[in-house]
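Chemist: Here the sequence shown is numbered in the numbering used here, starting from 1 and rising by one per residue. Positions of the beta carbon are idealized from the N, C-alpha and C atoms, including for glycine. Predicted model only: the values in this text are computed from it and were never measured. This is the structure I have questions about; it appears just below.
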Amino acid sequence: MTLIRLLGSARVIRKRRGRLPVDLKKIHKIETHREVLYKFLLLLGLLTLYFCYLSYEYGLLTGGIVAALTWSFFVLCTPVADAGFLLDFPIRLIFGVRMLYSEILVWTMAISLNGFALIYSAQSYDKTILTALLKKIIMTPYPYWSIIILSGIGTFLSIHFGDEMLDVFRHRDREKYHKFSFIFKVIGLISLFTLIFLAYYFLLDSLQIDRIIFS
């Protein structure tokens, strides 16, 4: 009996810490879990449709590379964890590994993917505006890597909130989000405005508008 009680206590402690896999049978019944599931399905659907479009436009191999690079753009250059969430959520669901830790793997994959693409398939960056912008950011450490740094801070803060969504049953129980949401919003706004400014500058440069005006 003592052994059974100890095992039961350990299970409760692990569950409170969010280390157990999420119960698939009950995920649709819990408010916060259901919202996370819908978000995952929506993102997965969008990525699948985008991959199908790129494969039709450029072929299966090139389309796959461009889709993967686009995914890495949202991982590295946006202050939210939506792109990484496509891997983080299934890992948390199946293995019980907190998304905060699996996001480190996501960033490693995104960085490695771009390293591979720059060496073996640099022309793939020229297929879309987002991938061309990604290449510009990667190849210009100063000042554009500041976008990656800000995005990293925002991403890991947002994925921290995502873990909390799976640890609690109701939004009102999200203590970490209520405590740090203002900081996250500030970082998100700064990153967003910086990215918009860079995109605007990149667009002007690519269209050579400044040369036309002053010629």
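Three or more C-beta pairs under 8 Å: does that hold for the segment 72-80 against the segment 102-110?
Modeler: yes
Chemist: What three-state label does DSSP hand glycine 96 in the structure shown?
Modeler: Position 96 of the sequence shown holds residue 96. Coil at glycine 96, not helix or strand.
Chemist: Does the segment 51-70 come into contact with the segment 130-146, if we say contact requires no fewer than three beta-carbon pairs (one atom in each stretch) closer than 8 Å?
Modeler: As far as the Cβ criterion goes, the segment 51-70 touches the segment 130-146, which means the pair count is three or higher.
Chemist: Taking the alpha carbon of valine 36 as the reference point, which residue from Leu105, Tyr53, Phe89 and Thr140 has its own alpha carbon closest?
Modeler: Residue 36 sits at position 36 when you count from the first residue of the sequence shown. Closest by alpha carbon: Phe89.
Chemist: Given this structure, state the Cα-to-Cα distance separating alanine 117 from serine 124, to the nearest angstrom.
Modeler: As a working mapping, residue 117 is identified with position 117 in the sequence shown. As a working mapping, residue 124 is identified with position 124 in the sequence shown. So the two alpha carbons sit approximately 8 Å from each other.
Chemist: On the CB-based measure, 16 or more other CB atoms within 10 Å of its CB, does phenylalanine 85 come out buried or exposed?
Modeler: On the sequence shown, residue 85 is found 85 positions in, with the first residue counted as 1. Flag for phenylalanine 85 reads buried.
Chemist: Whole angstroms are fine: how far does the CA of leucine 60 sit from the CA of isoleucine 91?
Modeler: Within the sequence shown, residue 91 is the residue found at index 91, counting from 1. Within the sequence shown, residue 60 is the residue found at index 60, counting from 1. Each residue's Cα considered, the two are about 27 Å apart.
Chemist: In terms of residues, what are the limits of the alpha helix (DSSP H) holding lysine 136?
Modeler: Translated into positions along the sequence shown, residue 136 becomes position 136. Lysine 136 -> alpha helix (DSSP H) spans 129-139.
Chemist: May I ask whether a heavy atom of the ligand GTP can be found less than 7 Å away from the beta carbon of serine 151?
Modeler: As for the ligand GTP, it is missing from this structure, which has no ligand bound.
Chemist: Around the Cβ of alanine 81, are there at least 16 other Cβ atoms within 10 angstroms (buried) or fewer (exposed)?
Modeler: Numbered from 1 along the sequence shown, position 81 holds the residue referred to as residue 81. The residue in question, alanine 81, is buried, as its Cβ has 16 or more Cβ neighbours within 10 Å.
Chemist: Pull up the distance between the alpha-carbon of tryptophan 145 and that of glutamate 57, whole angstroms please.
Modeler: Position 145 of the sequence shown holds residue 145. Position 57 of the sequence shown holds residue 57. Rounded to the nearest angstrom, the two C-alpha atoms are 31 Å apart.
Chemist: Which value, in whole angstroms, describes the spacing of the CA atoms of leucine 43 and leucine 49?
Modeler: Translated into the one-based positions of the sequence shown, residue 43 becomes position 43. Translated into the one-based positions of the sequence shown, residue 49 becomes position 49. Their backbone Cα atoms lie some 10 Å apart in a straight line.
Chemist: Alpha carbons only, please: which of Ile149, Lys127, Gly152 and Lys135 is nearest the one belonging to isoleucine 119?
Modeler: For the purposes of this step, residue 119 is identified with residue 119 of the sequence shown, where counting begins at 1. Comparing Cα positions, the closest option is Lys135.
Chemist: Less than 8 Å between the CB atoms is what I'm expecting for isoleucine 137 and cysteine 77, so what's the real figure, rounded?
Modeler: To locate residue 137, count along the sequence shown from 1; it is residue 137. To locate residue 77, count along the sequence shown from 1; it is residue 77. That belief holds up - the Cβ atoms of isoleucine 137 and cysteine 77 are roughly 6 Å apart, short of 8 Å.
Chemist: Alpha carbon to alpha carbon, what distance is there between histidine 160 and tyrosine 101?
Modeler: Translated into positions along the sequence shown, residue 101 becomes position 101. Translated into positions along the sequence shown, residue 160 becomes position 160. Roughly 10 Å separates the two Cα atoms.
Chemist: Under a three-way DSSP split, which group does valine 66 fall into?
Modeler: Residue 66 sits at position 66 when you count from the first residue of the sequence shown. It is helical.
Chemist: Taking all protein chains shown into account, decide if serine 79 is buried (16 or more other Cβ within 10 angstroms of its Cβ) or exposed.
Modeler: Residue 79 sits at position 79 when you count from the first residue of the sequence shown. Note that residue 79 corresponds to proline in the displayed sequence, not to serine. Proline 79 is buried by the Cβ-count criterion.
Chemist: Can you look up valine 106 in the DSSP assignment and give me helix, strand or coil?
Modeler: Position 106 of the sequence shown, counting from 1, holds the residue named residue 106. Residue state, collapsed to three classes: helix.
Chemist: Do you know how far the Cα of alanine 83 is from the Cα of isoleucine 65?
Modeler: As a working mapping, residue 65 is identified with position 65 in the sequence shown. As a working mapping, residue 83 is identified with position 83 in the sequence shown. If you take the alpha carbons of isoleucine 65 and alanine 83, they lie about 15 Å apart.
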